[in-house]
Amino acid sequence: GPVVVLGGGFLGIEAAAALCARGREVTLVHHKPWLLDRQLDAKAGELLLTALQQRGIRCVLNSGLTAIDEAGVTLTSGRHCAATQVVIAIGVQPEITLAQAAGLPCQRGILVDGQLRTAVPSVYAVGECCEIAGETFGLVAPCLTQAQILAAQLAGSPLADFVSQPQATRLKVSGISLFSAGDVSEAPSISSFDPISGDYRRLFLRQGRLCGVLLSGDTRQGPALLARLLHTEAVTLEALFDSRQPEPQPQAAESPEMSKPVLAVVGHGMVSHHFLEQLVARELHQHYHIVVYGEERQQAYDRVHLSDYFNGKTADDLSLVSADFFTLHGIELRSGCAVVAIDRQQRSLRDSAGNELAWDKLVLATGSRAFVPPVPGHDDERCFVYRTLDDLDAIAACARNSQRGIVIGGGLLGLEAANALQQLGLETHVVEFAPRLMAVQLDEGGALMLRQKIDALGVTVHTSKQTELIERQTDGSVVLRFADGSSLPGDLVLFSAGIRPRDELAREAGLTLGPRGGIEINDRCQTSDEEVFAIGECALWNGQIFGLVAPGYQMARVLAGHLAAESTAFSGADMSTRLKLLGVEVASFGDAHGRTPGSQHYHWTDGPKGIYKKIVVSADSTRLLGGVLVGDSSDYATLLQMMLNELPLPAAPESLILPALSGAPKAP
Numbered sequence: 001g002p003v004v005v006l007g008g009g010f011l012g013i014e015a016a017a018a019l020c021a022r023g024r025e026v027t028l029v030h031h032k033p034w035l036l037d038r039q040l041d042a043k044a045g046e047l048l049l050t051a052l053q054q055r056g057i058r059c060v061l062n063s064g065l066t067a068i069d070e071a072g073v074t075l076t077s078g079r080h081c082a083a084t085q086v087v088i089a090i091g092v093q094p095e096i097t098l099a100q101a102a103g104l105p106c107q108r109g110i111l112v113d114g115q116l117r118t119a120v121p122s123v124y125a126v127g128e129c130c131e132i133a134g135e136t137f138g139l140v141a142p143c144l145t146q147a148q149i150l151a152a153q154l155a156g157s158p159l160a161d162f163v164s165q166p167q168a169t170r171l172k173v174s175g176i177s178l179f180s181a182g183d184v185s186e187a188p189s190i191s192s193f194d195p196i197s198g199d200y201r202r203l204f205l206r207q208g209r210l211c212g213v214l215l216s217g218d219t220r221q222g223p224a225l226l227a228r229l230l231h232t233e234a235v236t237l238e239a240l241f242d243s244r245q246p247e248p249q250p251q252a253a254e255s256p257e258m259s260k261p262v263l264a265v266v267g268h269g270m271v272s273h274h275f276l277e278q279l280v281a282r283e284l285h286q287h288y289h290i291v292v293y294g295e296e297r298q299q300a301y302d303r304v305h306l307s308d309y310f311n312g313k314t315a316d317d318l319s320l321v322s323a324d325f326f327t328l329h330g331i332e333l334r335s336g337c338a339v340v341a342i343d344r345q346q347r348s349l350r351d352s353a354g355n356e357l358a359w360d361k362l363v364l365a366t367g368s369r370a371f372v373p374p375v376p377g378h379d380d381e382r383c384f385v386y387r388t389l390d391d392l393d394a395i396a397a398c399a400r401n402s403q404r405g406i407v408i409g410g411g412l413l414g415l416e417a418a419n420a421l422q423q424l425g426l427e428t429h430v431v432e433f434a435p436r437l438m439a440v441q442l443d444e445g446g447a448l449m450l451r452q453k454i455d456a457l458g459v460t461v462h463t464s465k466q467t468e469l470i471e472r473q474t475d476g477s478v479v480l481r482f483a484d485g486s487s488l489p490g491d492l493v494l495f496s497a498g499i500r501p502r503d504e505l506a507r508e509a510g511l512t513l514g515p516r517g518g519i520e521i522n523d524r525c526q527t528s529d530e531e532v533f534a535i536g537e538c539a540l541w542n543g544q545i546f547g548l549v550a551p552g553y554q555m556a557r558v559l560a561g562h563l564a565a566e567s568t569a570f571s572g573a574d575m576s577t578r579l580k581l582l583g584v585e586v587a588s589f590g591d592a593h594g595r596t597p598g599s600q601h602y603h604w605t606d607g608p609k610g611i612y613k614k615i616v617v618s619a620d621s622t623r624l625l626g627g628v629l630v631g632d633s634s635d636y637a638t639l640l641q642m643m644l645n646e647l648p649l650p651a652a653p654e655s656l657i658l659p660a661l662s663g664a665p666k667a668p
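For the sequence shown, full-length UniProt numbering gives the first residue as 1, with consecutive numbering after it.
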C-alpha cells in the first residue's frame, strides 16, 4: 500500500527512495520550500525534486501533518493523503535527560569544552549528545574526532581542542549526485548551471576565500573543493567554470598535504580498498598523501556477490566504502579516471584527463579483465562480459527483450553468471570447453553431481563444446556454432571463460612480467622497481596469479605492513573455496585431484540427497591432503583446519565423510 514519509532531510529522502525501489507508492512531505533546505539552495532543491519525481516519488512541500489515522494522514492544507504506513524522519535530538537529572549544564546538548569535559570534574560527554560552542553534531566524522580527543585526554596525552570543521554530505540515493559542505546559506556566491547536462555548481565566498560548496550532478570536484575549504585557500573563477579537470591539480600543489610523500594507488576495487583500510589502521594516511585512481564511476564494491544486483540489491548495497571514508582520512579518490601512462624515471603518471601526478611510491591494483575467446562474432552487441556494474546494467537492458541466455564458461564465474541470468528470468544454458564443470576445483565425481543438481534447477549444461562462431540472425538473435557441428540459438551471450591480469601499464613502464602475463612481485609485493608495488589479480608471485579475493586481501595486508616497517611477507595463499552456485553448496580444498604421489582417496555419494564427498589422504593415511564437497559443505571448516594444521587422522579416515550410523558419533 501507499506510504507517507515525513521529513525532507537525508534520512527522509533515503527512506523514500528505498521504499520506492521496492515498489511502494511513496509521498514525501516536507515543511520547507525545498528538500534538504539546510544543505541545498533553491536551485539545487529544484533539481533534487525533479530527480525524485522522475523516480516516482511524489513530493509535498511547505506542508506538515496535522493528524494520522488508519486510512492515512491529514496535511496542514486539510487534504487527506491515503497511507497504510507512515515513516517519520524529521531529525534527531541530543539525549540529555540523564545529564539534566544529574545537574549537568545543558542547552540543546550537554555543554562541554574542547576536551569534551563537562562542568563536573571527571564527567565527559562525546558524540551526538554533546554541544561545543553552541553546535551539536549529527554526523559520524566529527564524533569520531571527538572520540580520539577524549581517548587521548584520558590517556594523559591530550590533543588539541576539538574545533568544528566543515563536513561534506552526500545523498546516498542511486543515480542522484549531490555534494554539500561548509556554509551554504548567506555568504556571497558564484554559480553555474549547464541546462544540457543538468550540472549545477555554487561556491560561497568570504573575503575571496571558499567557505561553502554545493554541487549537483557532476560532484567529482567535491573532495578537491573540500580540501580548499578546509585550508581556507583563495578561489578563482577558473575553479568554478573550468570543468576540464575533474580533480584539478593547482590546489594540491598549494596544500600542506604535498609536504608528505605521495603514495599513488592505481585501481579502486576490492583489494585496493582493503589496502586503503589497512593503511588507515596503521595510521599511514597521516604519513602519506594518498591519491587513488578508480577507472569506474562507482567506488569499490563487492564483485563476489554481483548476482545480488539482479536480486534487489543496489550499487549502494554492494559498496564497500563506508560513509565519508575518504574525507575523514584525507585520502583523495579520483573516480572515473584511468591512469594511461607511468614514467618510472620521472616518478610520475598521467591520467585520462591529461593530469600528471608526481609520486614517491606507486601501487598497481589494476585487477584483471574477462577473457573473451577471439571467435568470430564475439564483439556482437548481444555479447557481454560479467565483471562490472556497468556490464550488469547492459546485460539487464538486453535481457528485457531476450528469452534465452548462454554463458560461455563453466567455472566459478560462469556458474555465478548463469545464476544471474536465471534471476533475470531467462532460459539459461552453460557452454563449457572441458568435459566437466569447474574442472580446476572438482574431480569427475563432484562435477557430475554438480551437473545433475544444476540440471534439476533448470540450467542446461553443454560440456566438451568448442565455440567456433557466433552468428547473428536476421531477427536479431544469435546462434553459437560448435566444432562438432552442433549449434545453440540464443538471445544473449555472456563470456565467463577466465580472467587475464591487467598488466598493460606495467608492461609499457618496463616492469618485469611473467611469460604469460602478470606483474612479477616478491614476498613484499615489490615489482622489479623497488618503489612500485602490485597486489591482487594483476600480480604474479612465484609464477602464480591468484584469481580469488582472499589472496589479494592477504597481499594488501602484507604491503601495508611493509610500508609500516613491519616484518611481514607474502608466502602464498590457500586457494580453497566454499560457495553456493545456483543454490548448490560446493567446496574444494587442497589437493582435490589427488596428484600427490602415493596419495589415496575416499569418496561417498548419496544419490537421492544429491551429496558427493571426497577426501584425499597421504600414502600412510596420517594426513589430510585435500577434498571435494558437493551438495553438503557443512564439514568444510573442520576438514580445512585438519589439512592446514596437519592434524592426525582417525584410524578410519573415511569416517570423516561417512554419515554416523545407528546413533554412533562421527569421528572428530
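Glycine included, each C-beta is placed from N, C-alpha and C at the ideal position.
Judging by CA-CA distance, which residue of the options is the nearest neighbour of residue i?
| i | options | result |
| --- | --- | --- |
| residue 577 | 569, 564 and 630 | 630 |
| residue 461 | 540, 515 and 415 | 415 |
| residue 124 | 112, 413 and 261 | 112 |
| residue 107 | 91, 23 and 135 | 135 |
| residue 131 | 146, 425 and 296 | 146 |
| residue 129 | 121, 110, 144 and 140 | 110 |
| residue 412 | 30, 208, 549 and 215 | 549 |
| residue 188 | 206, 297 and 97 | 206 |
| residue 655 | 454, 641, 635 and 433 | 635 |
| residue 394 | 42, 369 and 309 | 309 |
| residue 610 | 627, 572, 509 and 445 | 445 |
| residue 11 | 170, 94 and 410 | 170 |
| residue 618 | 608, 642 and 612 | 642 |
| residue 512 | 501, 496, 529 and 502 | 529 |
| residue 450 | 307, 591, 388 and 632 | 632 |
| residue 272 | 133, 333 and 316 | 333 |
| residue 463 | 488, 359, 361 and 342 | 488 |
| residue 604 | 616, 598 and 595 | 616 |
| residue 58 | 479, 357 and 2 | 2 |
| residue 280 | 307, 96 and 330 | 330 |
| residue 263 | 622, 289 and 283 | 289 |
Give a yes or no on whether the C-beta atoms belonging to residue i and residue j are separated by under 8 Å.
| i | j | result |
| --- | --- | --- |
| residue 375 | residue 385 | no |
| residue 440 | residue 582 | no |
| residue 89 | residue 163 | no |
| residue 48 | residue 35 | yes |
| residue 183 | residue 204 | yes |
| residue 328 | residue 300 | no |
| residue 291 | residue 339 | no |
| residue 614 | residue 443 | yes |
| residue 678 | residue 297 | With the chain running from 1 to 668 in the structure shown, residue 678 is simply not present. |
| residue 539 | residue 555 | yes |
| residue 275 | residue 535 | yes |
| residue 546 | residue 506 | no |
| residue 584 | residue 323 | no |
| residue 73 | residue 81 | yes |
| residue 212 | residue 168 | no |
| residue 520 | residue 527 | yes |
If residue i and residue j are in contact, beta carbons under 8 Å, what's the gap, nearest whole angstrom?
| i | j | result |
| --- | --- | --- |
| residue 559 | residue 589 | With a Cβ gap of about 26 Å, residue 559 and residue 589 do not count as contacting. |
| residue 367 | residue 494 | Rounded, the Cβ-Cβ distance is 19 Å, inconsistent with contact. |
| residue 587 | residue 523 | Not really, about 29 Å apart at Cβ, beyond 8 Å. |
| residue 377 | residue 471 | 6 Å |
| residue 104 | residue 119 | 6 Å |
| residue 43 | residue 193 | 7 Å |
| residue 658 | residue 624 | Their Cβ separation, rounded to whole angstroms, is 15 Å, which puts residue 658 and residue 624 out of contact at 8 Å. |
| residue 543 | residue 591 | So it is not a contact: roughly 18 Å between Cβ atoms. |
| residue 202 | residue 41 | 6 Å |
| residue 407 | residue 421 | 7 Å |
Only counting runs of 3 or more residues, tell me where the beta strand (DSSP E) segments fall wholly within the UniProt domain "FAD/NAD(P)-binding" (3-134), in order along the chain.
3-6, 26-29, 58-60, 65-69, 72-75, 80-82 and 85-88
Secondary structure, alpha helix (DSSP H): runs of 4+ residues fully inside the stretch 297-368
Qualifying alpha helix (DSSP H) stretches, in chain order: 315-318 and 325-329.
List in chain order: all unbroken alpha helix (DSSP H) runs of 4+ residues lying wholly within the stretch 453-513.
504-508
Every unbroken beta strand (DSSP E) within the stretch 604-658, with a cutoff of 3 residues, ordered by chain
611-617 and 624-630
Please specify which runs of the beta strand (DSSP E), each continuous and at least 3 residues long, are wholly inside the stretch 529-587, giving them in chain order.
Listed in chain order, they are 532-534, 539-541 and 577-581.
Kindly confirm or deny that the stretch 24-31 and the stretch 8-15 touch, where touching means at least three C-beta pairs closer than 8 Å.
yes
Whole runs of the beta strand (DSSP E) within the stretch 404-446, excluding any shorter than 3 residues
Those beta strand (DSSP E) runs which fall completely within the stretch 404-446 and span 3+ residues are 404-408 and 427-431.
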